[in-house]
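Chains as they are written, first to last, in this note's numbering: chain A, 308 to 366; chain B, 735 to 1299.
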């Protein structure tokens, strides 16, 4: 139990940036173009699929 | 090939089949709202969730509303998992102090786990915090599997109902599949894995000094809870990079058996659910016969190819089969069985490195994935049903039989939707592979020359678009190009399949069930099993044979001629 509690608090020692990390949203001071781009792709795809549902309904 | 190995394979498959009826009966009772052993415990939680979410569990949905709810739920899952990865460094339960995931990798992983594909461009132990693994990956493992089961239930109701305007309630199906089926089985399964040595803790990684004096960081964490749903939900995403080959994920021969049974159990049982709900279990057994035949044939080829080994290696005086990339504790037989089982029911976990399989051994998992999923927990049910519908239609054209299945006339609408469901993911695989092998960004990730390098790319997009998620390895896929193109392939593979399937569900549910006519093709015998297998192989073969010829087929002949890549 004690060890688990230590683990819970471990991150407070300071955050490291991982090999693939760019600081994430935490360090963003302006617009992160890549975040917006990939979210737009994701949300856009779902909107496209709503249209595809209509196509399948009509066929 | 040894008798010992064949007996092991037989025992695993026999145990998997023994679970079909008990599990199928239980899942049927759950999904039709009957009381079960767990109703007293889980019922209040279920009703509480409906109250909190404002769901009227008695109100059923038209297929478009059912699909709308599914899309909305998946979109929310995608956004939450994306956000979690992007800010994980600032959140608790991160003893290794890993940083935030880059946007393209977070996009890929969010799509991957939301769609039940579980392709992993990252190494779990070095990239993800425990919170992301538990709240992100494991939760999506549960709910994406439940979404698949919901989709399967919708099409099953399409066949089972007559003149109905609804196919069920998505929120109810999602909740019941999670609370009554997946969670209880996973609690029991996770405890069994812990008993066998799989870690389940929140400890920091252990730094050990080896006998040679080197320092080694031993990763651990809440592994068992993710392992069991990874298999039961036919997800496949590992806690560790080495997946089920890692000694913590899969420490013993017994855990290997549990992994294989978990993959097969619910996914096979769902076909029994189909049989029960359409009024005759034998319809489910026929479809399971199709899947089992393909699995047994696949295992025979892979086991034979791996046991035969690489003649170029044997010429150097190394006897025995091809053990490269395999765990000695599993051996050739169970590695071959795992490679086939994980790519037929669309799981994607691996206990052997598929990149190291012989060319023909690698061809089988690749081809398995190129067929629509056969035997997965959700996609596997509607995958095999699509081919059953196509088989009925083609038989009607060939021998003048009335195209009907289970008392439902198969008309133009169903056939058009079947074709869309088959073409959508296939087009995504071939188009993205073609783009990857002619662009510098795509070629930059390929780490082997010639046909083997081509196979790596083809395997990646096949795995992504057809809901599997296993990797051939040898491809540097954690790049913006592959993260985004594979993400798009996964989205296309999931939704270009599930949308036409639900359209079929709605169309069939609305149709009146009629008694089978004398002119209808019998759909409960061996002839129908052979016909469905034939249609499956012909459609898959015609679509992918040219690509397979450029990859594993030419690599096999090159190997025989003395050339490796």
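Backbone N, C-alpha and C fix where the C-beta goes; we use that ideal spot for every residue, glycine too.
Exercise. Hey, is residue 354 of chain A's beta-carbon within less than 7 Å of any beta-carbon in chain D?
Worked result: No chain D is present in this structure, whose protein chains are A and B.
Exercise. Using a C-beta to C-beta distance shorter than 8 Å, which residues of chain A count as neighbours of residue 1147 of chain B?
Worked result: Counting from 1 along the second chain, the entry for residue 1147 of chain B is found at position 413. Close partners of residue 1147 of chain B in chain A (Cβ separation under 8 Å): 366.
Exercise. For residue 345 of chain A versus residue 841 of chain B, is the C-beta distance shorter than 7 Å?
Worked result: Residue mapping note: residue 345 of chain A aligns to position 38 of the first chain, counting from 1. Residue mapping note: residue 841 of chain B aligns to position 107 of the second chain, counting from 1. Yes, these two residues count as a Cβ contact at 7 Å.
Problem set entry | Residue from B:1098, B:996 and B:994 whose Cα sits closest to the Cα of residue 1039 of chain B | Residue 1039 of chain B sits at position 305 when you count from the first residue of the second chain. Out of B:1098, B:996 and B:994, B:1098 has the C-alpha closest to the C-alpha of residue 1039 of chain B.
Exercise. From this set, B:760, B:737, B:1259 and B:892, which residue's C-alpha is nearest residue 1007 of chain B's C-alpha?
Worked result: On the second chain, position 273 is the one that residue 1007 of chain B refers to. The shortest C-alpha separation from residue 1007 of chain B is found at B:760.
Exercise. In whole angstroms, what separates the C-alpha of residue 939 of chain B from that of residue 975 of chain B?
Worked result: By 1-based counting over the second chain, the position of residue 939 of chain B is 205. By 1-based counting over the second chain, the position of residue 975 of chain B is 241. Roughly 15 Å separates the two Cα atoms.
Problem set entry | Three-state secondary structure assigned by DSSP to residue 949 of chain B | For the purposes of this step, residue 949 of chain B is taken as the residue at position 215 of the second chain. Residue state, collapsed to three classes: strand.
For this session: Go to residue 762 of chain B, then tell me how far its beta strand (DSSP E) extends in each direction, as first and last residue.
Result: Position 28 of the second chain, counted from the first residue, corresponds to residue 762 of chain B. Annotation for residue 762 of chain B: no beta strand (DSSP E) segment contains it, though the alpha helix (DSSP H) segment containing it runs 754 to 765.
Exercise. Within 7 Å (strictly less), CB to CB, does residue 349 of chain A reach chain B?
Worked result: Residue numbering aside, residue 349 of chain A sits at position 42 when the first chain is read from its first letter. Interface residue, yes.
Problem set entry | Cutoff 7 Å; reference residue 1346 of chain B; Cβ partners in own chain excluding five residues on either side | Any property of residue 1346 of chain B remains undetermined from this structure, which presents chain B solely from 735 to 1299.
For this session: Give a yes or no on contact between the region 849 to 862 of chain B and the region 888 to 904 of chain B, applying the rule of three or more CB pairs nearer than 8 Å.
Result: With the rule of 3 Cβ pairs closer than 8 Å, the region 849 to 862 of chain B does not count as touching the region 888 to 904 of chain B.
Problem set entry | From B:1111, B:1266, B:1187 and B:1069, residue whose alpha carbon lies closest to that of residue 1139 of chain B | As a first step, residue 1139 of chain B is located in the second chain; it is residue number 405 there, counting from the start. Minimum Cα distance to residue 1139 of chain B is reached at B:1266.
For this session: Give the straight-line distance between the Cα atoms of residue 1101 of chain B and residue 1274 of chain B, rounded to the nearest whole angstrom.
Result: By one-based count along the second chain, residue 1101 of chain B stands at place 367. By one-based count along the second chain, residue 1274 of chain B stands at place 540. Residue 1101 of chain B and residue 1274 of chain B have their alpha carbons spaced roughly 8 Å apart.
Exercise. Could you give the distance in angstroms between the alpha-carbon of residue 357 of chain A and the alpha-carbon of residue 363 of chain A?
Worked result: Counting from 1 along the first chain, the entry for residue 357 of chain A is found at position 50. Counting from 1 along the first chain, the entry for residue 363 of chain A is found at position 56. Distance from the CA of residue 357 of chain A to the CA of residue 363 of chain A, rounded to the nearest whole angstrom, comes to 10 Å.
For this session: Count the other CB atoms, across all protein chains shown, that sit within 10 Å of the CB of residue 1132 of chain B; report buried if there are 16 or more and exposed otherwise.
Result: As a position in the second chain, residue 1132 of chain B is number 398, starting the count at 1. It is exposed - the Cβ of residue 1132 of chain B has fewer than 16 other Cβ atoms within 10 Å.
Problem set entry | Beta bridge counterpart(s) of residue 1012 of chain B as assigned by DSSP | In the second chain, residue 1012 of chain B corresponds to position 278, counting from 1. In DSSP, residue 1012 of chain B forms no bridge with anything.
Exercise. Among B:737, B:941, B:959 and B:1083, which residue has its Cα nearest to the Cα of residue 850 of chain B?
Worked result: In the second chain, counting from the first residue as 1, residue 850 of chain B sits at position 116. The closest CA to that of residue 850 of chain B, considering only B:737, B:941, B:959 and B:1083, is found on B:1083.
Exercise. Looking only at its own chain, which residues have a Cβ that is under 6 Å from the Cβ of residue 1095 of chain B, when we skip the five neighbours before and after it?
Worked result: Residue 1095 of chain B sits at position 361 when you count from the first residue of the second chain. Around residue 1095 of chain B: 1036, 1039 and 1040.
Exercise. Going by DSSP, what residues sit across from residue 1139 of chain B in a beta bridge?
Worked result: Within the second chain, residue 1139 of chain B is the residue found at index 405, counting from 1. Under the DSSP definition of a beta bridge, residue 1139 of chain B partners with B:1142.
Exercise. Thinking C-beta only, is residue 1238 of chain B closer than 7 Å to residue 1293 of chain B?
Worked result: Sequence index remark: in the second chain, residue 1293 of chain B carries index 559 (1-based). Sequence index remark: in the second chain, residue 1238 of chain B carries index 504 (1-based). It is not a contact, given that the beta carbons lie outside the stated cut-off.
Exercise. Would you say residue 1234 of chain B reaches chain A, if we count a Cβ-Cβ gap shorter than 7 Å as a contact?
Worked result: What you label residue 1234 of chain B is simply residue 500 of the second chain in a count that begins at 1. Interface residue, yes.
For this session: Assign residue 980 of chain B to one of two classes, buried (16 or more other C-beta atoms within 10 Å of its C-beta) or exposed (fewer than that).
Result: Here residue 980 of chain B corresponds to residue number 246 of the second chain, with the count starting at 1. Residue 980 of chain B comes out buried.
For this session: Would you please verify whether the beta carbon of residue 1106 of chain B is less than 7 Å from any beta carbon of chain A?
Result: Indexing the second chain from 1 puts residue 1106 of chain B at position 372. For residue 1106 of chain B, no CB of chain A lies under 7 Å from its own CB, so it is not counted at the interface with that chain.
Exercise. What in chain A is Cβ-close to residue 845 of chain B, meaning under 8 Å?
Worked result: Within the second chain, numbered from 1, the residue matching residue 845 of chain B stands at position 111. Result: 349.
For this session: Give the secondary structure of residue 326 of chain A by DSSP, where H, G and I count as helix, E and B as strand, and everything else as coil.
Result: Taking the first residue of the first chain as 1, we reach residue 326 of chain A at position 19. Only weak support exists for where residue 326 of chain A lies, its pLDDT of 38 falling under 50; the value from the coordinates is given anyway. If DSSP states are grouped into helix, strand and coil, residue 326 of chain A belongs with coil.
For this session: Compute the Euclidean distance between the alpha carbons of residue 752 of chain B and residue 949 of chain B, then round it to the nearest angstrom.
Result: Within the second chain, residue 752 of chain B is the residue found at index 18, counting from 1. Within the second chain, residue 949 of chain B is the residue found at index 215, counting from 1. Roughly 47 Å between the two C-alpha positions.
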